[in-house]
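Numbering (the working numbering), first residue to last: 4 to 159.
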C-alpha cells in the first residue's frame with residue numbers, strides 16, 4: 004500500500020521527548036527566582052512606624068511652617084477664576100478675588116504669614132493687560148504677592 008508520506012515520517016521515534024523536561028526545568032527556574040526575590044523584599048521591609056499625636060492646643064488650620072499655593076486664572080475674555088484640584092470656581096471681579104483671599108486667610112486655610120502663601124496667576128496669552136493688572140492689584144490689596152506664570156511655547 005502506498006502513501007503520500009515517506010515511511011520514515013510515519014515510523015514511531017524511539018527515545019525520550021525533551022520538550023516536557025525543558026518545560027519542567029523552566030517552571031522550576033521561575034519558581035526559585037520568584038522565591039529568592041520575594042524573600043529579599045520581605046527581609047528589607049522592616050520599618051518602625053511612629054505614632055503621631057497632636058500637640059495640646061494644636062489647631063486644625065494650615066501649618067505656619069508650610070507654604071500654600073493658590074492658583075488664580077485669567078481667561079482670554081478677562082474672566083477670573085479660582086483654580087482648585089477638581090474644577091475652576093469663577094469669580095465675578097477683582098474685588099471677589101480680594102474677598103475670597105481674605106476669607107480663606109481669616110478661616111485659617113492660608114498661613115498666618117502672607118509671605119508663605121504663593122499666589123500663582125495663570126494668564127491666558129490673549130488676556131488684556133487691564134484684566135491682569137486688576138488681578139495683581141486685587142491680590143496685593145488682600146495682603147499677598149502675585150506671581151505670574153508663563154509657559155514656554157514648547158509646553159503649550
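Note that CB positions come from ideal geometry on N, CA and C, so glycine has one too.
From a predicted model like this one, the values you see are computed outputs, not experimental measurements.
Separation of residue j from residue i, as counted between CA atoms
i           : j           : result
residue 85  : residue 29  : 59 Å
residue 135 : residue 80  : 11 Å
residue 145 : residue 97  : 10 Å
residue 139 : residue 110 : 22 Å
residue 105 : residue 41  : 54 Å
residue 87  : residue 132 : 24 Å
residue 158 : residue 118 : Bear in mind that a pLDDT of 48 at residue 158, under 50, signals an unreliable position, so the number given afterwards is only what the model happens to contain. C-alpha separation (whole angstroms): 29 Å.
residue 20  : residue 9   : 22 Å
residue 37  : residue 7   : 49 Å
Pick from the options that is closest to residue i, judged by C-alpha positions
i           : options              : result
residue 150 : 76, 107, 92 and 87   : 76
residue 103 : 147, 116, 88 and 131 : 147
residue 90  : 35, 129 and 74       : 74
residue 128 : 33, 78 and 112       : 78
Range covered by the alpha helix (DSSP H) that runs through residue i
i           : result
residue 87  : No alpha helix (DSSP H) holds residue 87; DSSP gives it neither H nor E.
residue 134 : 132 to 144
residue 74  : First-last for residue 74: 71 to 77, but that is the beta strand (DSSP E), not the alpha helix (DSSP H).
residue 101 : 97 to 110
Contacting residues, own chain, Cβ-Cβ under 7 Å from residue i (five flanking each side not counted)
i           : result
residue 92  : 84 and 85
residue 152 : 123, 124 and 125
residue 94  : 83, 84, 85, 100 and 103
residue 107 : 113
residue 130 : 77, 78, 79 and 81
Same chain, Cβ closer than 8 Å to residue i, five either side skipped, listed in chain order
i          : result
residue 99 : 83
residue 22 : none
Cβ shell of residue i (< 6 Å), same chain only, five flanking positions each side left out
i           : result
residue 142 : 122 and 149
Segment limits, beta strand (DSSP E) that includes residue i
i           : result
residue 151 : 149 to 152
residue 7   : Taken as a continuous stretch (DSSP letters only), residue 7 belongs to no beta strand (DSSP E), as it is neither H nor E.
residue 122 : 120 to 126
Distance cut-off 7 Å: residue i Cβ against heavy atoms of the ligand ZN
i           : result
residue 141 : The ligand content of the structure shown is nil, which means the ligand ZN is not present either.
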